[in-house]
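Each step along the sequence shown adds one to the number in our numbering, with nothing skipped, and position 232 is 707. Below: the structure, in C-alpha cells.
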Amino acid sequence: MMMAQRRAKAAAQLRAADLGLAVTGRPEGTTAALYVPAPFAPKAGMRPRHWWLLLLFICIVALPPTVYGWYLFTAAADRYESNAGFSSRQEHTPAAFDFLGAFAGSSTSSSSDMDIIFQFIRSQELVKRVDAKLNLRKVFSRPTQDPLMRFDPSGSMEDLLAYWQSMVVPAFDRSTGLMTLTVWAFDPKDAQNIATEVLAESTAIINDLSRTAQADTTRYSQNSLTTSERRMAAAQQALTKFRVANGILDPAQQASGTAQVVNTMVQQLATAQIDLDLLTGTVPDSDPRLAQLNRRISVIKNRIAAEQAKVGGLSDPGAPKYAQLITEYQNLIMEQDFAQKAYLAALSAYDQAVNDAQHQTRYLATYLQPTLAQTPTAPQRGLRVLLSVLVGLLAWSIATMIYYALRDRR
476 MMMAQRRAKA AAQLRAADLG LAVTGRPEGT TAALYVPAPF APKAGMRPRH
526 WWLLLLFICI VALPPTVYGW YLFTAAADRY ESNAGFSSRQ EHTPAAFDFL
576 GAFAGSSTSS SSDMDIIFQF IRSQELVKRV DAKLNLRKVF SRPTQDPLMR
626 FDPSGSMEDL LAYWQSMVVP AFDRSTGLMT LTVWAFDPKD AQNIATEVLA
676 ESTAIINDLS RTAQADTTRY SQNSLTTSER RMAAAQQALT KFRVANGILD
726 PAQQASGTAQ VVNTMVQQLA TAQIDLDLLT GTVPDSDPRL AQLNRRISVI
776 KNRIAAEQAK VGGLSDPGAP KYAQLITEYQ NLIMEQDFAQ KAYLAALSAY
826 DQAVNDAQHQ TRYLATYLQP TLAQTPTAPQ RGLRVLLSVL VGLLAWSIAT
876 MIYYALRDRR
C-alpha cells in the first residue's frame, strides 16, 4: 500500500514538472496535490553576438552604400553616350563569262570583315590613331573632381587601352551582320567626335582590305591567264606539228573517205563476181570475157586490201596507219579544246578582277550616324546605390546564416 502511494506521488510530480509547475507534498493518505507556478523566464537582452551582428550590418549594409552614394552625388562626373551603327557590304558585278564559273573557281575570306572591324576597334592601333587626332588623355581626364572614373594622364599606353575598352564598346550581331558602337565621354561633343573617328578609321580599314583583295585577285588572275595562254599556244603548236608531219589535215575525215572508197569497191567486186558466175558454165573456158572478169576481180581485191591497209597499217609497213593517227589527233583536239575553255575562264576571271579593281565593291555602310547626347546617361546614381544596398544586405544575410548554422552544430 505504501509503495503504491509513493509511485502515484512520483507520477504526479513528473506531470507537474511537464506542465512547468512545482508540486508540494501533503500528508500521507491524501490524494490532492498543490501546484505552484514555476518562475518566469528572464527578460531577453542584447548579447555580444547581437552587437557583433549589428556592427557587421553597419559595416556591410549601411556604411558602403552611404559612402558610395556620397561619392556619386557629390564627386562622380556625368557621362554622355554617343551611338553609331554600320555594316560591311560587298557588291558583285556579273562578268561576261559567268557561265564558265565552274572552270574559273572562286575564293572566300577566312573571316568576315565585321570580325576584323570588331577586333580593330578594341586594338591599340586604333587607340594610337584616335589619340593622335583627339588627344584622348585630355578628353578622358577632364573631370578633375572625379578621381575614380577619370583617366590619369600619366598612364601608359596599356592603361589607356584598358580605359578605352571600358568607354568604347562595340557590339556585333552575327545573325544580321550589324555592328553597334557605344561611346561614353564626359562631354557630349567628345563622345560624338570619338565615334566619328572610329567610324572613319573603320572605313579606312575596309578600303585597305578591299584594295589588298583586289590587288591579290588581279595578280592571281593575271598569272592564271598567262598560264592558260601558254597552254593553249602549246596545244595549237602540237596540232600544227602533227598535221605538217603527217601531211593530213584531219585523219578522221581521211579515214572516212577511205571507207567510202572501200565500200564502192566492194560493190564493184560483187558486181564483177556476179557477172563471172553468170558466164561460168555457159561459155568455154577460153572465152576472153572470163579472163577479163577474173582480172577485174583480182584488181579490185588487191585495191580493197591496199585501202584497208591504209586504215589499219597491218599489211603495209609504210601505210599511214590511220587508226593510230586518229587516236593521236583526237587527243590533240581534246587538249586544244580544254586549253581554250581554260583560257576563256581565265580571261573571264581577269576581266572580273579588273572590273572590281576599278569599282569599290567592298565598303562600310553606315545606318546610324554618331549621335549627340542631350542629357547624361551615366552614372545611374539611384540605381547604383540601390544595388549596393541589395548586395550588402545579401552578403550580411549569408554571413549571419553561416554563423548561426555553425553555432547550432556545437
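Note that beta-carbon positions come from the ideal geometry of N, C-alpha and C, so glycine has one too. Predicted model, so just to flag it, every value in this text is computed and none were measured.
#1: Taking the continuous beta strand (DSSP E) assigned at residue 562, which residues delimit it?
#2: Report yes if the C-beta distance between residue 847 and residue 557 is below 9 Å; otherwise report no.
#3: For residue 771, which of helix, strand or coil comes out of DSSP?
#4: Contact defined as beta carbons within less than 8 Å: I believe residue 843 pairs with residue 560. What is the distance between those atoms, to the nearest angstrom?
#5: Looking at C-alpha atoms only, which residue of 528, 542, 645 is the closest neighbour of residue 562?
#6: From 769, 627, 764, 759, pick the residue whose C-alpha is nearest to that of residue 745; which is it?
#7: Consult DSSP for residue 590 and reduce its assignment to one of helix, strand or coil.
#8: DSSP puts residue 657 in a beta bridge; with which residues?
#9: Restricting to Cα atoms, I'd like to know which of 853, 677, 686, 529 is closest to residue 830.
#10: If we count Cβ pairs, one from each stretch, closer than 8 Å, do we get three or more for the region 808-826 versus the region 734-751?
#11: When the Cα atoms are used, what is the spatial distance from residue 726 to residue 709?
#12: DSSP three-state label for residue 856, please.
#13: Using 8 Å as the threshold, is the region 850-866 in touch with the region 693-705, meaning 3 or more CB pairs across them?
#14: Tell me which same chain residues have a C-beta within less than 8 Å of the C-beta of residue 564, skipping the five on either side of it?
#15: Just tell me which of 821, 751, 537 has its CA closest to the CA of residue 694.
#16: Since I believe residue 589 is in contact with residue 647 (beta carbons under 8 Å), could you give me their beta-carbon distance rounded to a whole number of angstroms?
#17: Could you pull the start and end residues of the alpha helix (DSSP H) that residue 678 belongs to?
#18: When the Cα atoms are used, what is the spatial distance from residue 601 to residue 818?
Considering the structure as presented:
#1: Residue 562 -> beta strand (DSSP E) spans 555-565.
#2: Going by beta carbons, residue 847 and residue 557 fall inside the 9 Å limit.
#3: It is helical.
#4: Taking C-beta atoms under 8 Å as the contact rule, residue 843 and residue 560 qualify, at a distance of about 3 Å.
#5: Of the candidates 528, 542, 645, the one whose C-alpha sits nearest the C-alpha of residue 562 is 645.
#6: Residue 769 holds the alpha-carbon nearest to the alpha-carbon of residue 745 among 769, 627, 764, 759.
#7: Three-state result, residue 590: helix.
#8: DSSP output for residue 657 lists 558, 644 as bridge partner(s).
#9: Residue 686 is the option with its Cα nearest to residue 830.
#10: Too few Cβ pairs lie closer than 8 Å, so no.
#11: Rounded to whole angstroms, the separation of the alpha carbons of residue 709 and residue 726 is 20 Å.
#12: Reduced to three states, the DSSP call for residue 856 is helix.
#13: In this structure the region 850-866 does not lie against the region 693-705, because fewer than three pairs of beta carbons, one per stretch, are closer than 8 Å.
#14: Cβ neighbours of residue 564 beyond the five flanking positions: 837, 838, 839, 840.
#15: Checked all of 821, 751, 537; the closest Cα to residue 694 is 821.
#16: With a Cβ gap of about 6 Å, residue 647 and residue 589 count as contacting.
#17: Taken as a continuous stretch (DSSP letters only), the alpha helix (DSSP H) holding residue 678 covers 663-721.
#18: Taking the straight line from one Cα to the other gives about 44 Å.
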